[in-house]
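Below is one structure, written out as structure tokens; comments come after it.
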Amino acid sequence: MNDMRILERAVQQTDIKISARKVQVYYGEKQAIKDVDVDILDKTVTAFIGPSGCGKSTFLRCLNRMNDTIDSSRVEGKITLDGEDIYDKRVDPVQLRARIGMVFQKPNPFPKSIYENVAYGPRIHGLARNRAELDEIVEKSLRGAALWNEVKDRLNEPGTGLSGGQQQRLCIARAVATQPEVLLMDEPCSALDPIATSQVEDLIDQLRSEYSVVIVTHSMQQAARVSQKTAFFHLGNLVEYGDTDDIFTRPRDPRTESYISGRIG
Amino acid sequence: MNSERHIMSAFDRDLETVQALVVKMGGMVETAIHDAAIALETRDEELAEEVRRRDAAIDALEHQINEEAARLIALRAPRATDLRTALTVIKISAILERVGDYAKNIAKRSHVLVHMPAVESSGMALRRMSGTVEGMMKDALDAYIQRDPELAADVRKRDLEVDQMYNALFREFLTYMMEDPRNITACMHLHFIAKNIERMGDHATGIAEQVIYLATGELPDDARPKSESVTRATLNEGED
Amino acid sequence: MSDATISAGAPASQPRASLLVPDARTRKRNAAEARFRAYGLGAIIISLLALVVLLFTIFGGGIGAFRQTYLTIPVTLDAAQLDKSGNRDPEEIKKVLTLAYGKILDQSLQAVIAQNGIAIEGIADKDVSNLISKEASAQLRAQVLADPELIGQTIQARVLVNGRVDGFYKGRVTMESAARDSNTSPAQLQLAEALKDKGMLATKWNWSFLTNPDASDQRPEAAGVGVAILGSLYMMLVVLFLAVPIGTAAAIYLEEFAPKNRLTDIIEVNISNLAAVPSIVFGILGLAAFINFAHLPQSAPIVGGLVLVLMTLPRIIIPARAALKSVPPSIRDAALGVGASKMQSVFHHVLPLATPGILTGVILGLAQALGETAPLLLIGMVAFVKNFPAAPPAGLFDPASALPVQVYNWTQRADPAFMERASGAIIVLLIFLLCMNLFAIFLRRKFERRW
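Residue numbers (my numbering), protein chains in the order written: chain A, 20 to 284; chain B, 549 to 788; chain C, 2 to 452.
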């Protein structure tokens, strides 16, 4: 009956991976995130969209406690990973970040060889017992990032010698090398040209069969192309969260409608 | 929801253009229905000819609206309400084109009927039916302009009336045809005309449904009000 | 549809000028820029001229220190005078003082003169014996003590001639000035000339300038920068092993780990201030703290080194911090994102990238420390040191000198030959500084391409 509905993409799992309740984030006196409640599902790509300064990147960085590096930041509320509170005093943020990987806006490979870039994480977390196992992990991660065939003959060349799209895929390989459960991506394609962007987006689509992916993006088209669930942030509030199809064809909140159709911000 | 302007003002202009075309096309179709009904009633050959000619312009408008809508989708990447606007514009213009064709068909048959003896009592019924359908079409288009789902829902309900009127006319024509075989040709034409008007009513309902989709994001779930008796009618039932 | 249209009837305000002809404003601006470039060029030329004049003066004055006049004569090491007991017993031989060796040299020279039939009018015995440097007898004695078997033999000895004769060959001394001079005479000069004609006297390249220790006022010909070089080297070692780790660690802590509060701000301000403190103040500090309070030996490289460490610390911390700051935060974020701790991120990623900058800062700091004079004067390194300090670490506590201090010392002496020595020492210092700076540039270039 609903012949207007956009073709639904299969969402395989609906378990909740990360759960946030009543999250507030302050930078000094200023409140950047207000009362956010959201459930990030496993094996799903969730997109955070919203105008500049709405808090989506801030909230993303809460999920792997990267905000800890900023002295003036303060997080209240509860964020759980598989039911465990990640802000509990007993949690070591370093260990958390091995389970929740992050890819940044500007590709930032280490100025080391491609092999070293991918091997660094597993090495410091002791994921490989010997060189052979490390080689395996490196190959698996590079394959997982759709980069293996392009670099398998030059693993010892510096990572910074690759093209922009390849560098970002290298960063993705680096992030999956620590065998995380969740991948956080902060505008991963904004520094890339359209073809590299498409390659990374295709990769993200493949990644969702193994990881829960959260992607912050400025491009609504990208959110529409790549995600199954979308959350719209505005002025620090989570305004609407739902299936991507619904958000883009029949959003419920007028603020979402305005933003989606290009009427504000 | 649509009260704010787009940041990209060319987008607003494109939307206004395509919707204005739809409204224009709707107006032309309303005129065609009205004129076809009058031509039938008053046995006005010239008016009928006029209606037939003007259909070309209606078809051209549909073509133009499709072009504009394709351009809108390709260049502006419309989402949410704008997306629904682009999709409904295509559907509504297709519906309107078919209604225009029915009006042209009615005019064609009127042309033929002029040269035949009149079948008296059917005239009033047909006039009532076409009047209702004209009203439905006008309200559907008004509902479109105002994005009014309630008015559109009302239009849907009125289709039942039109169906009932058609059923009555169907039985009446059967009776005439059985009474006097010389009436058969005329009654057949009149029947087709009645069928066309009934289809126009269905199309007006279709437009109303698109309006509801546009305004709310959902097509109405419930089935259209329909009267099924015609499909079950047999010669035996018509006999008393 | 809403495009503004320029009304067709409006007249153009001015005819458009051709691109090919510059207008008045552009010409003025170009002229101003050309003038500015000329000023810049002029400034550079003036600086270069000053540099050229400086180098000329120094090299002109100092190159002479590297050439020295030697006398090569057969010397008979008479056993009767040197080893009376005849046992070649080192203890016995040691008892023979330099005076005896002086006599030996005297006799040998006289023998040469007689053999070659050199007859100079008005020459006195004193002139002959004074021809040879007073230092030579000590050097000969050292040679014999090192190898007692030489006694009884006749060896070809190469000995220094005295400062005035050396000066004659370098243009400082003339026949006329020799007549007035108490340390030499025209006859001595003529003798020297005669010996030169016979091929026994020559002015040669003098490597021993670099290896000899300092010499007393009477013997400028024997003075060398050997002790000064060692002293400076020891102090540089102290600075290297103390200032570099402390400075680097402090920079890392301040840049990466210190919380951003008032206390850290105060520390940073004070470090910047320390870099601007006049160096002589550090000398006073060294005097009070290391010599008076800690009772470390005066004139020792350890004290000089410690004072230089204090001076060099801010000069290492500040560039090291700048190098650390210049590592883009994206690298740190990437390391943290992969699950590295702060310490791992700093030591595995930030520090390797900052190392070239830190190294450059270290080398430049060392180069500056090498040339510091004022604080060393205050802690007493201006003394006259003739003995080489021992090997470190014990040698750090022996008295020594330093290159810049040696320069100062020599310029205070009366004999103009010491001026030449001072310029020679400056040349040595400049060469060291140049090498260090070139090394810093080389390091910078080599590592810069890495990321």
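We treat Cβ as the ideally placed atom computed from N, Cα and C, and that holds for glycine.
Item to check | Through-space distance from Asp607(B) to Leu631(B), alpha-carbon basis | outcome: The residue you call residue 631(B) lines up with position 83 of the second sequence. The residue you call residue 607(B) lines up with position 59 of the second sequence. Near 24 Å, if we compare the C-alpha coordinates of Asp607(B) and Leu631(B).
Checklist entry - Does Pro335(C) come within less than 8 Å of chain A when only Cβ atoms are used? => result The count along the third sequence starts at 1 and reaches residue 335(C) at position 334. It is Ala, not Pro, that sits at residue 335(C) in the sequence shown. So yes, Ala335(C) belongs to the interface.
Item to check | the stretch 65-72 of chain C contacting the stretch 39-47 of chain C, beta-carbon criterion three pairs below 8 Å | outcome: no
Item to check | Coarse secondary structure for His296(C), derived from DSSP in three states | outcome: Position 295 of the third sequence, counted from the start, is the residue given in the question as residue 296(C). If DSSP states are grouped into helix, strand and coil, His296(C) belongs with coil.
Next on the checklist: Considering only their Cβ atoms, is the gap separating Pro390(C) from Leu430(C) smaller than 8 Å?
Outcome noted: To locate residue 430(C), count along the third sequence from 1; it is residue 429. To locate residue 390(C), count along the third sequence from 1; it is residue 389. It is not a contact, given that the beta carbons lie outside the stated cut-off.
Item to check | Sequence-distant residues of its chain with Cβ nearer than 6 Å to Tyr45(A) (five each side left out) | outcome: The count along the first sequence starts at 1 and reaches residue 45(A) at position 26. Closer than 6 Å at the Cβ level, and outside the excluded window around Tyr45(A), lie Arg93.
Checklist entry - How many Å lie between Val122(A) and Asp205(A) at the Cα? => result Against the first sequence, residue 122(A) aligns to sequence position 103. Against the first sequence, residue 205(A) aligns to sequence position 186. Roughly 6 Å separates the two Cα atoms.
Checklist entry - Any idea if Phe57(C) is buried or exposed, counting beta-carbon neighbours within 10 angstroms, 16 or more meaning buried? => result Counting from 1 along the third sequence, the entry for residue 57(C) is found at position 56. The residue in question, Phe57(C), is exposed, as its Cβ has fewer than 16 Cβ neighbours within 10 Å.
Next on the checklist: I'd like the list of long-range same chain contacts for Ser160(A), defined as Cβ closer than 6 Å, with 5 residues on each side in sequence excluded.
Outcome noted: Working through the first sequence from its first residue, we reach residue 160(A) at position 141. Correct list, in chain order: Val137, Ala192, Val195 and Ala196.
Checklist entry - List, in order along the chain, the chain B residues whose C-beta lies closer than 8 Å to that of Thr268(A)? => result For the purposes of this step, residue 268(A) is taken as residue 249 along the first sequence, with counting starting at 1. The answer, in chain order, is Arg627, Ala628, Leu631, Arg632 and Gly765.
Checklist entry - At what residue ranges does the stretch 141-222 of chain C contain a whole run of the alpha helix (DSSP H), taking only runs of 4 or more? => result 164-171, 176-181, 187-198 and 209-212
Next on the checklist: Taking the beta strand (DSSP E) that Leu257(A) belongs to, which residues open and close that run?
Outcome noted: On the first sequence, residue 257(A) is found 238 positions in, with the first residue counted as 1. Segment Asn256 to Asp262, the beta strand (DSSP E) holding Leu257(A).
Checklist entry - Shortest alpha-carbon distance to Arg601(B) belongs to which of Leu674(B), Asn653(B), Leu708(B) and Met726(B)? => result On the second sequence, position 53 is the one that residue 601(B) refers to. Out of Leu674(B), Asn653(B), Leu708(B) and Met726(B), Asn653(B) has the C-alpha closest to the C-alpha of Arg601(B).
Next on the checklist: For a contact defined as C-beta to C-beta under 8 Å, what are the partners of His554(B) on chain A?
Outcome noted: Start at 1 with the first residue of the second sequence, and residue 554(B) comes out as number 6. Those within 8 Å of His554(B) in chain A are Ser280, Gly281 and Arg282.
Next on the checklist: Counting only Cβ-Cβ distances shorter than 9 Å, please list the residues of the stretch 224-246 of chain A near chain C, keeping chain order.
Outcome noted: none
Item to check | Identified DSSP bridge partners for Arg453(C) | outcome: Nothing about residue 453(C) can be read from this structure; chain C reaches only from 2 to 452.
Checklist entry - Taking only beta-carbon atoms, is Glu48(A) less than 8 Å away from chain B? => result Walking along the first sequence from the start, residue 48(A) turns up at place 29. It does not; no Cβ of chain B falls within 8 Å.
Item to check | Val201(A) to Val233(A) span [Cα, whole Å] | outcome: Start at 1 with the first residue of the first sequence, and residue 201(A) comes out as number 182. Start at 1 with the first residue of the first sequence, and residue 233(A) comes out as number 214. So the two alpha carbons sit approximately 8 Å from each other.
Item to check | Where Thr197(A) sits in the DSSP three-state scheme | outcome: In the first sequence, residue 197(A) corresponds to position 178, counting from 1. DSSP places Thr197(A) in coil when its eight states are reduced to three.
Checklist entry - Going by C-alpha distance, which of Tyr170(C), Arg165(C) and Ala301(C) is nearest Ser186(C)? => result Here residue 186(C) refers to the residue found at position 185 when the third sequence is read from its first residue. The residue with the shortest Cα to Cα distance from Ser186(C) is Arg165(C).
Item to check | Cβ-based neighbour list, Gly103(C), same chain, cut-off 6 Å, excluding 5 preceding and 5 following | outcome: Working through the third sequence from its first residue, we reach residue 103(C) at position 102. Within the same chain, Gly103(C) has close Cβ partners Ser138.
Checklist entry - What's the gap between the Cα of Ile253(C) and the Cα of Lys261(C)? => result Taking the third sequence and counting its residues from 1, the one referred to as residue 253(C) is at position 252. Taking the third sequence and counting its residues from 1, the one referred to as residue 261(C) is at position 260. Distance between the alpha carbons of Ile253(C) and Lys261(C) is about 14 Å.
Item to check | Which residues DSSP lists as bridging Glu103(A), in chain order | outcome: Looking up residue 103(A) in the first sequence gives position 84. Glu103(A) is bridged to Leu100(A).
Item to check | Residues of its chain near Met23(A), where Cβ-Cβ distance is below 6 Å and the 5 sequence neighbours each way are ignored | outcome: In the first sequence, counting from the first residue as 1, residue 23(A) sits at position 4. With a pLDDT of 42 at Met23(A), under the threshold of 50, the modelled position of this residue cannot be trusted, and the question is left open.
Item to check | Chain-ordered residues of the stretch 118-149 of chain A with a beta carbon less than 8 Å from chain C | outcome: Gly120, Met121, Val122, Phe123, Lys125, Asn127, Pro128, Phe129, Pro130, Tyr139, Gly140, Ile143 and His144
Next on the checklist: Taking 8 Å as the threshold (C-beta atoms), are Gly163(A) and Gly338(C) in contact?
Outcome noted: As a working mapping, residue 338(C) is identified with position 337 in the third sequence. As a working mapping, residue 163(A) is identified with position 144 in the first sequence. Against a cut-off of 8 Å, the Cβ pair of Gly163(A) and Gly338(C) comes out as no contact.
Checklist entry - Since Glu257(C) contacts Val363(C) with CB under 8 Å, what's their CB separation in whole angstroms? => result As a first step, residue 257(C) is located in the third sequence; it is residue number 256 there, counting from the start. As a first step, residue 363(C) is located in the third sequence; it is residue number 362 there, counting from the start. Wrong, their Cβ atoms sit about 19 Å apart, outside the cutoff.
Item to check | Selection of the stretch 695-719 of chain B by Cβ proximity to chain A, strictly under 9 Å | outcome: none
Checklist entry - Tell me, which residues are paired with Ser6(A) by DSSP? => result The question about residue 6(A) has no answer, for chain A in this structure spans 20 to 284.
Next on the checklist: Here's a check: name, in chain order, each residue in its chain whose Cβ is nearer than 7 Å to the Cβ of Met437(C), leaving out the five neighbours to either side.
Outcome noted: Locating residue 437(C) in the third sequence gives position 436, counting from the first residue. Excluding sequence neighbours, Met437(C) sits near Ile364, Leu367 and Ala368.
Checklist entry - On the three-state DSSP scale, how would you describe Thr374(C)? => result Working through the third sequence from its first residue, we reach residue 374(C) at position 373. Coil, per DSSP.
Next on the checklist: Here's a check: name, in chain order, each residue in its chain whose Cβ is nearer than 6 Å to the Cβ of Leu224(C), leaving out the five neighbours to either side.
Outcome noted: Start at 1 with the first residue of the third sequence, and residue 224(C) comes out as number 223. For the sequence presented, residue 224(C) should be read as Ala rather than Leu. The residues are Asp215, Ala216 and Arg422.
Checklist entry - Would the beta-carbon of Tyr409(C) fall within 8 Å of that of Pro302(C)? => result Sequence index remark: in the third sequence, residue 409(C) carries index 408 (1-based). Sequence index remark: in the third sequence, residue 302(C) carries index 301 (1-based). No.
Checklist entry - Under 8 Å, do Ala604(B) and Ser658(B) count as touching if we go by C-beta distance? => result As a position in the second sequence, residue 604(B) is number 56, starting the count at 1. As a position in the second sequence, residue 658(B) is number 110, starting the count at 1. The answer is no: Cβ separation not under 8 Å.
Checklist entry - How do the stretch 253-270 of chain A and the stretch 590-599 of chain B stand: do at least 3 beta-carbon pairs fall below 8 Å, yes or no? => result no
Next on the checklist: Distance cutoff 8 Å, beta carbons only. Does Pro357(C) sit that close to anything in chain A?
Outcome noted: As a first step, residue 357(C) is located in the third sequence; it is residue number 356 there, counting from the start. So no, Pro357(C) is outside the interface.
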